[in-house]
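In this note's numbering, the protein residues as written are 754 to 940. Backbone N, C-alpha and C fix where the C-beta goes; we use that ideal spot for every residue, glycine too.
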């Protein structure tokens, strides 16, 4: 289903698989190397050794709706950062997904994630490979970690939890505002 075709009336059409391939052509192992610090050749080797080179897709930055579709269609989610202090926003979506999450043991992840809700690994190609294998093992921790992550998201990060936190802050501010009233013109 690749290439361009013509309808009987002469209209040119391009199948979605062709459009997808063209859209993703720049997201190569070399691109991933620039993002993760993992050498491109190592990415290729690990994908080959794991027997997933035909199924691994490096998407790069995509619109949120597309990212959500990829997340729901994935068997394992990976956040392969090697440095950073701010938690990537995608981690919250990944927690909610119901899929096992493999993340590196750096501060930007561990301030939100622990071993109960993610498979935490060393920020190395070998660590990531071990974590992905563990996540894919249906007899392993992957399913339990994914279920725990979904519960954590619902309790701490979902919209109702956010709204409750905001209401609590607003209540505190309102109570402080109502505190002892002082006349600004009296000493």
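- In this structure, residue 856 places its C-beta atom within 9 Å of the C-beta atom of residue 871.
- By the neighbour-count criterion, in which 16 or more other beta carbons inside 10 Å mark a residue as buried, residue 834 falls on the buried side.
- In the structure shown, the three-state DSSP call for residue 844 is helix.
- No beta strand (DSSP E) of 3 residues or more sits fully in the region 874-911.
- Per DSSP, residue 856 lies in no alpha helix (DSSP H) segment; the continuous beta strand (DSSP E) that holds it begins and ends at 854-857.
- The criterion of a C-beta distance shorter than 9 Å is satisfied by residue 844 and residue 866.
- In this structure, the CA atom of residue 837 is about 18 Å from the CA atom of residue 878.
- Contact between residue 846 and residue 863 does not hold, since their C-beta atoms are separated by about 18 Å, which reaches or exceeds 8 Å.
- An exposed status is given to residue 822, since fewer than 16 other beta-carbon atoms sit within 10 Å of its beta-carbon.
- Spanning the alpha carbons of residue 804 and residue 798 requires a straight line of approximately 10 Å.
- Beta-bridge annotation (DSSP): residue 830 is paired with 854.
- For residue 789, the enclosing alpha helix (DSSP H) starts and ends at 782-789.
- With fewer than 16 other Cβ atoms from the protein chains shown falling within 10 Å of its own Cβ, residue 816 counts as exposed.
- Look at residue 759 here: in three-state DSSP terms it is strand.
- A straight line joining the alpha-carbon of residue 909 with that of residue 792 spans about 36 Å.
- Per the DSSP secondary-structure output, residue 766 pairs in a beta bridge with 758.
- Less than 9 Å separates the beta-carbon of residue 895 from that of residue 829.
- Looking at 851, 858 and 782, the one whose alpha-carbon comes closest to that of residue 826 is 851.
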